[in-house]
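Residue numbers (the working numbering): 3 to 282.
Below is the structure:
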């Protein structure tokens, strides 16, 4: 075999080796490609996991709850649910009023004559039922329409809040003494016996048919008029009334309920204002 034939054989062998190497390299890359995607896919799934997003949202909600838990007011607004009875540890049955307090919305802090107070809102309302001034005030605070707005003393002046934060019943505890204010039940036109607890006239010795009347309302010549505030028949109830010294028997944080010993003014479903008592 001549030298030229040897060169041709070696060149053909080199070409075959190069062709094989080219065929092997794409296959190697194809094998590596899926392995890279398999390694990256769990990382991407971990970054976009909805569980972590939910945990972050819960942390934000917890921060908001912690911020509002520092707010302590002199009172709250709620709704009277009705009456029930509670059995104490010693077996006594106590008449109990159930009130749903809040949740109320913190609106604005007010400082006047070294006295700090907080405006709160209660109960959602339709915008068409509110006047323009109230709608403008709430829109500036970026708060939804609210029916009732009332100002209470802020017992923790350094507490931080954002307008719209919820204030719940946790500022009360069992054993607290409260004063409850509401509109009393309206009873229409009533006589002096029902309205002012008059005894009435005697039913014997010639008394005509006016046993339930109020009797004399004044003299003739002097003063010649009826004294202002004279107790007479008239409209009974339907006025602002406050019952003081009511004891808190317990609270329900989940349902925002407060149990108060005894009766409170107002009918079931009426709005009530529960305050810490001002008397020692």
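From the three backbone atoms N, C-alpha and C, an ideal C-beta is built for every residue, glycine too.
CA nearest to the CA of residue i, picked from the options
{"i": "residue 91", "options": "80, 212, 251, 120", "result": "251"}
{"i": "residue 106", "options": "117, 86, 163, 131", "result": "163"}
{"i": "residue 73", "options": "214, 100, 122", "result": "122"}
{"i": "residue 130", "options": "101, 232, 148, 214", "result": "148"}
{"i": "residue 266", "options": "138, 183, 169", "result": "183"}
{"i": "residue 271", "options": "94, 101, 96", "result": "101"}
{"i": "residue 118", "options": "110, 125, 84", "result": "110"}
{"i": "residue 176", "options": "198, 77, 263", "result": "263"}
{"i": "residue 114", "options": "151, 82, 159", "result": "159"}
{"i": "residue 103", "options": "188, 125, 281", "result": "125"}
DSSP-derived helix/strand/coil call for residue i
{"i": "residue 207", "result": "coil"}
{"i": "residue 243", "result": "strand"}
{"i": "residue 139", "result": "helix"}
{"i": "residue 44", "result": "Low local confidence applies: a pLDDT of 44 at residue 44 is under 50, so the model's placement there is unreliable, with the coordinate-based value given in what follows. Three-state result, residue 44: helix."}
{"i": "residue 263", "result": "strand"}
{"i": "residue 149", "result": "strand"}
{"i": "residue 249", "result": "strand"}
{"i": "residue 219", "result": "coil"}
For residue i: DSSP bridge partner residues
{"i": "residue 278", "result": "180"}
{"i": "residue 185", "result": "242"}
{"i": "residue 79", "result": "275"}
{"i": "residue 95", "result": "89"}
{"i": "residue 236", "result": "192"}
Status (buried if at least 16 other CB within 10 Å, exposed otherwise) for residue i
{"i": "residue 275", "result": "buried"}
{"i": "residue 258", "result": "buried"}
{"i": "residue 191", "result": "exposed"}
{"i": "residue 260", "result": "buried"}
{"i": "residue 141", "result": "exposed"}
* What are the uninterrupted segments assigned as beta strand (DSSP E) that are 3 or more residues long and contained completely in the segment 100-142, given in chain order? -> 106-114, 117-126
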